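Below is one structure, written out as structure tokens; the observations come after it.
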Amino acid sequence: MTRSVFRFLSRQPDPVEIANATYLLRLPKASDYRQWYQLRSESRAFLEPWEPTWRADEMTESAFRSRVIRNEQEFASGQAVPLFIFLRAQDQLVGGLTIGYIRRGAAQCCMIGYWMGERHAGKGHMAEAVKLAIPYIFSSLQLHRIEAACIPENQRSIRLLEKAGFQREGYLREYLKINGQWRDHLMFSLLSQDSVQPKNLSD
Numbered sequence: 001m002t003r004s005v006f007r008f009l010s011r012q013p014d015p016v017e018i019a020n021a022t023y024l025l026r027l028p029k030a031s032d033y034r035q036w037y038q039l040r041s042e043s044r045a046f047l048e049p050w051e052p053t054w055r056a057d058e059m060t061e062s063a064f065r066s067r068v069i070r071n072e073q074e075f076a077s078g079q080a081v082p083l084f085i086f087l088r089a090q091d092q093l094v095g096g097l098t099i100g101y102i103r104r105g106a107a108q109c110c111m112i113g114y115w116m117g118e119r120h121a122g123k124g125h126m127a128e129a130v131k132l133a134i135p136y137i138f139s140s141l142q143l144h145r146i147e148a149a150c151i152p153e154n155q156r157s158i159r160l161l162e163k164a165g166f167q168r169e170g171y172l173r174e175y176l177k178i179n180g181q182w183r184d185h186l187m188f189s190l191l192s193q194d195s196v197q198p199k200n201l202s203d
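Numbered according to the UniProt record's numbering, the sequence shown spans residues 1 to 203.
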């Protein structure tokens with residue numbers, strides 16, 4: 001392991017809170033279940049075209065608690081930083097953003113993925129969450145490269161990434177199994193030295 005890995009792992013007991021005056025990004029808690037259940041349930045038709053097939057027990061409290069435990073384990077091992085996005089004033093869950101597939105060594109890279117509840121989409125919430133996450137990834141996690149992949153038909157996600165300064169790199173054939181089908185994806189990346197500053201974003 002490199003010294004940067006030890007520095008990263010030494011911070012794991014500390015809670016992650018990435019915030020500004022309006023938004024709070026933090027690790028999921030078991031007590032978030034009710035808000036998560038309501039938001040995901042009412043947004044199911046909106047989210048399913050862009051996500052892996054939901055399991056039969058997807059929305060149960062036991063499955064959610066298992067997910068929270070797994071998230072904590074992945075965070076503690078330095079593999080991922082799964083975050084929920086809240087509006088601070090209302091303590092209202094609006095979506096999620098995961099910093100995943102963290103690779104150290106020669107790569108110093110991660111991949112981000114995100115979802116937004118249907119009634120909160122199109123209001124700039126995810127744009128602001130991405131703007132908060134980018135400095136955390138490059139400064140706190142000390143990574144060099146952020147990757148993101150999206151289905152070519154997902155124009156909203158493409159616009160979000162491009163306005164955040166991500167560059168399109170390639171076309172990945174049947175990259176992920178989404179909603180029961182192997183789907184092609186576009187690959188985007190942002191490097192720590194990229195000079196483009198996120199501005200005027202909208203999700």
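Even for Gly, the Cβ is constructed at its ideal location relative to N, Cα and C.
Computed from a prediction, not measured in an experiment: that's the story for all the values here.
Query	Result
In the structure shown, what three-state DSSP assignment does residue 68 receive?	helix
When you compare only the Cα positions, how much space is there between residue 48 and residue 34?	20 angstroms
Closest to residue 155 by C-alpha separation, out of 189, 52, 122 and 140, would be which residue?	122
According to the Cβ coordinates, are residue 167 and residue 194 closer than 9 angstroms?	yes
Between the Cα of residue 51 and the Cα atoms of 133, 114 and 143, which residue gives the shortest distance?	114
When DSSP builds the beta bridges, which residues end up paired with residue 177?	182
Between residue 175 and residue 149, which are expected to be in contact by the criterion C-beta below 8 angstroms, what is the C-beta distance as a whole number of angstroms?	6 angstroms
Does the segment 126-133 come into contact with the segment 57-66, if we say contact requires no fewer than three beta-carbon pairs (one atom in each stretch) closer than 8 angstroms?	no
For residue 149, write down the residues that DSSP places opposite it in a beta bridge.	187
Residues in the same chain with beta-carbon distance under 8 angstroms from residue 15, minus the five sequence neighbours each way, listed in chain order, please.	26 and 27
When DSSP labels each residue in this structure, what does residue 129 get in the three-state scheme?	helix
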